[in-house]
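According to our numbering, the residues represented by the sequence shown are 817 to 1562, in order.
All residues carry an ideal CB built from backbone N, CA and C; glycine is no exception.
Please read these numbers as outputs of a predicted model, since none were measured by experiment.
Accompanying notes for the structure given below.
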Amino acid sequence: MSAPSTFDTTVIPPSARVSVPALLPDPLPMRFIDPAPCTVACPAGVNVKAYVSLIAEGRFSEALEEVRRRCTLPSVCGRICHAPCEPACLRAEHDDPLAIRALKRFVSDLAPEAPAVLPEPPHRVERVAVVGSGPAGLTAAYDLRQAGFPVTVLEAMPEPGGMLRHGIADYRLPPDVLDAEIDTLLSCGIELRANTSIADYAEVTELLANGYSAVLLALGAQNGRILGVTGEEESHSVEDALGFLRRVNTGDHSPLSGKVLVVGGGSTAIEAARTALRLGGTPVEVVYRRSRAELRAGPEEVAQAEEEGVTFHFLAAPLRFVVRDGSLRGLECLQVVLGEPDAGGRPRPLSTPGSEFLLEASHVLVAVGQVADLDFITGPAAESLIEKGLLRTDPSTDMTAQRGLLRGLFAAGDVVSGPSTVIEAIASGHEAADSIICYLETGTPGRKRPASVPAAELGLRDPDPVEAAQIRSTVRQIEPGREFAEVEQPYTAAEAVAEASRCLRCGPCHECVVCAPGCDRRHLFMHIETLQPSTTWVPVRVTSDIVLRMGTNGALPAKLLGSHTSAEADVDLWPMRMRYSPDLCRGCARCIEVCSFNAFDRDSSAAPDAPVHFDPAACRGCALCGAVCPTGALTPVAHSPEWWEALEPAGNPAATHLTLVCDTGAPAGNGDMITCRCVGQVHPGMLLELFRKGTEQLTVVPCAQCRFGSGPQLAAQHVAESVALLGALGQNGSTVTLASPSMEGV
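This is the structure we're talking about:
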């Protein structure tokens, strides 16, 4: 149901306290809708819509908190993620997709001002060892520590980070950014043992025999593949691109002279080419045996490389290195054409006989793939564990194939999948940790995270998008051979808000988390006391529009009025909350999936069909949980006594003077106090409900230094709306006041 676009009007009778139309009691249309495509496309399941929507409202700290729920390395991903979410963005159907990666970087760079909130984990006695400190290992270690397990990370190199430290150049990922990210994760109590390598498979078994209940191998794929063509081993000027990057990233900036060729089409090839350019190589050319369309590197990486001066030779397959007297002269190639797709779905290069040509070069960097270093696994263990140079695991549990012989050994990341992206490695770390937690709690590995299900949406039609081109990040020009400083510049706050405001907020409404009072999908109960009393479930915006119309010109939509327009009408606006009947719950966990406010949870040790826990104080009445609940355990109610008991001051449920403060603040006057997470999140409907229950004076006290950034502004807005609504309802609006910000907790 949507509000009519034009109205016949009638005047409110002078004798009425207020008159409100009796809208149809039926709920708005309900439809089942899949999650937003950006979230679906993210391997780690980051709620893109949520943090982008929060950025659009200027709530930067909340946005960062939302990013960190599923992205353990947000500053890293904000710089080097291949951003599969962006091609999936529906905004591209209108103009340009949202610059999601750049928005993530913007809020992630606020980390020094808004460090991660790390709750005190429960205490568990089972210890876990994680071998490798790349993105998969660090993510798994962090999840396991948050679940309460003591975790030790073993790293062969002097510093943690894996390929993030050794395979990504400083101009894309500055070392201080990576250090800050890793320090944040380690600060929750993870033990790091650097310079600790696993030299023999027996050392893995010893870990399990000597106090560790589980071991996760997250070794990565840090060795480069060779081309395997004639002359590759005959000159020191032919180098593995990964080894080259590792050397440069550990401080060896020895200059290059002459022409440099880079063989390959992935991110490592582009990284090596741009690094060679900075070391003085000129010209620098990338040789790739397929077309531009098949490049595995991201379009932004390729574009930036070309802007810096890197050129490309496409459809050229290396044939042999030309070496004379130990000195590299060049690379002989064959011209190729593209044929039918190979097993990976990409067109197969087919050589053209007689099309040989020579590319002269002083240096060649080979970037044609990566392999894991599994030489420490030998004998029967290698036959059981290794397949095609990677570790073999059960894809549903991440436990290694030797689970029948060696319980508790898991693997994740590139050592299982082969070379992948940082966000894919993070996703693998989450899955492995989930499986290990299940194994340690139940004795059987498995994934406990509930499967994603379509959500139900209640609301009006979304507005059509306003045309607006993407705001692109500024990229600094470099002087070859001189600098490794970061080239891509971050958004300003104004640019970030403007770009985030382009989001269409597609997908179900629970994803965006912002839930402003005027949201079309938010609902209130409106109780109208006339000759024919009725209670109606209506969207907030419709209610607000009606009250605003009454307060300005005294006119109401005639066709929506009941038949008793001349009678007095008493009206109450009640927040809608959900009533939970645990005896009807069957533990499907759909409510946990759709709730934006974490009102539902379940003990990790509970049976799969155990009832969920419901926190009525966290409920905001969006009714999505009721829409997806298959058993009727959740139903909307006008007000929940349990909810108000959780909010009201102990010992004085009918307090007449209340002060509403953040849980880091303090009361600003006499009377009782209600604490909440942030006073900016308390909408006018809640304030009106307090007056309905007998409060005579309400003081709202924001913090002088809000941890979420915009709490004071939102609180001021909500107080102003409450004053206006009270006035429209014939009440004294001055009984709601906004006090000076509290300095407590600052």
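Just reading off the beta strand (DSSP E) that residue i is part of, what are its end residues?
| i | result |
| --- | --- |
| Ser1143 | 1143-1157 |
| Phe1128 | 1127-1129 |
| His910 | Run containing His910: none; DSSP gives neither H nor E here. |
| Ala1132 | 1132-1140 |
| Met1394 | 1393-1396 |
| Phe1226 | 1225-1227 |
| Val1552 | 1552-1554 |
| Pro976 | That residue, Pro976, is in no beta strand (DSSP E); it is neither H nor E in DSSP. |
| Val868 | Looking at the DSSP string, Val868 is not in any beta strand (DSSP E); the run it does join, the alpha helix (DSSP H), is 864-872. |
From which residue to which residue does the alpha helix (DSSP H) around residue i run?
| i | result |
| --- | --- |
| Ser891 | 890-896 |
| Arg1090 | 1083-1094 |
| Val1231 | 1230-1233 |
| Ser949 | Unbroken run through Ser949: none, as it is neither H nor E. |
| Glu882 | 876-883 |
| Asp1100 | In the sequence as displayed, the identity of residue 1100 is Val instead of Asp. Run containing Val1100: none in the alpha helix (DSSP H); it sits in the beta strand (DSSP E), 1100-1103. |
Please classify residue i: is it buried, with 16 or more other beta-carbons within 10 angstroms of its beta-carbon, or exposed?
| i | result |
| --- | --- |
| Pro837 | Any reading at Pro837 needs caution, since the residue's pLDDT is 33, under 50, leaving its predicted position unreliable; the model's value is listed next. Pro837 is buried by the Cβ-count criterion. |
| Phe876 | buried |
| Thr1515 | buried |
| Ala1109 | exposed |
| Gln1293 | exposed |
| Thr1447 | exposed |
| Arg1105 | buried |
| Ala956 | buried |
| Glu1203 | exposed |
| Asp1230 | buried |
| Gly1259 | exposed |
| Met1366 | Reliability of the predicted coordinates at Met1366 is poor, the pLDDT of 44 falling under 50, and no value is obtained from them. |
| Gln1305 | exposed |
| Asp1250 | buried |
| Ser1420 | exposed |
| Thr888 | buried |
| Asp1191 | exposed |
| Pro1518 | buried |
| Gly1467 | Because the pLDDT of Gly1467 is 37, which lies under 50, any placement of that residue in the model is unreliable, and the question is left without a value. |
| Asn1011 | exposed |
| Asn1026 | exposed |
Tell me the DSSP bridge mates of residue i?
| i | result |
| --- | --- |
| Glu1110 | DSSP, once it has assigned bridges, lists no residue as partnering Glu1110. |
| Tyr1307 | In DSSP, Tyr1307 forms no bridge with anything. |
| Gln1186 | Gly1040 |
| Arg943 | Tyr1028 |
| Asp1488 | Leu1474 |
| His1179 | Val1076 |
| Phe1416 | Phe1430 |
| Pro938 | DSSP, once it has assigned bridges, lists no residue as partnering Pro938. |
| Pro1165 | Leu1154 |
| Val1300 | Per the sequence shown, the amino acid found at residue 1300 is Phe instead of Val. Answer is none; Phe1300 lacks a bridge partner. |
| Phe922 | Answer is none; Phe922 lacks a bridge partner. |
| Phe1173 | Cys1149 |
| Pro853 | Paired residues: none, contrary to the question. |
| Val969 | Val946, Leu1008 |
| Pro1452 | Met1394 |
Closer than 6 angstroms by C-beta to residue i: which residues in its own chain qualify, once you throw out the five before and the five after it? Chain order, please.
| i | result |
| --- | --- |
| Pro938 | Gly964 |
| Ala857 | Pro900, Cys901, Ala904 |
| Ser1244 | Ala952, Ala1228, Gly1229 |
| Ser1556 | none |
Excluding sequence positions up to five away, which residues of its chain have a Cβ less than 7 angstroms from the Cβ of residue i?
| i | result |
| --- | --- |
| Leu1201 | Ile1193, Leu1207, Arg1208, Thr1216, Ala1217, Gln1218 |
| Gly1133 | Position check: residue 1133 holds Ala in this sequence, whereas Gly was assumed. Arg1105, Cys1149, Leu1150, Val1152, Pro1165, Ser1167, listed in sequence order. |
| Leu1554 | Val1516, Ala1531, Ala1532, Val1535 |
| Glu882 | Asn863, Ala866, Tyr867, Leu870, Val1329 |
| Ala1284 | Asp911, Arg1318 |
| Arg1402 | Asp1425, Thr1447 |
Excluding the 5 residues preceding and the 5 following residue i in the sequence, name in chain order all residues of the same chain whose CB lies nearer than 8 angstroms to its CB.
| i | result |
| --- | --- |
| Leu1166 | Val1152, Val1153, Leu1154, Gly1155 |
| Ala1138 | Here the sequence assigns Val to residue 1138, which means Ala is not the residue at that position. Closer than 8 angstroms at Cβ, skipping near neighbours: Gly1047, Leu1144, Arg1145, Gly1146, Leu1147, Glu1148, Leu1174. |
| Thr855 | Gly861, Val862, Asn863, Val864, Lys865, Cys901, Gly1323, Glu1327 |
Using 8 angstroms as the limit for Cβ to Cβ distance, is residue i near chain D?
| i | result |
| --- | --- |
| Phe1413 | Absence of chain D from the displayed structure is noted, only one protein chain being present. |
Beta strand (DSSP E) runs contained entirely in the stretch 1005-1077, provided each spans 3 or more residues: Fully enclosed beta strand (DSSP E) runs of 3 or longer: 1007-1009, 1028-1033, 1054-1056.
Completely contained alpha helix (DSSP H) runs for the stretch 1189-1221, where each covers 4 or more residues: Correct list: 1195-1201.
Uninterrupted beta strand (DSSP E) stretches inside the stretch 1512-1538 (no shorter than 3 residues): If you keep only unbroken beta strand (DSSP E) runs of at least 3 residues inside the stretch 1512-1538, you get 1513-1517.
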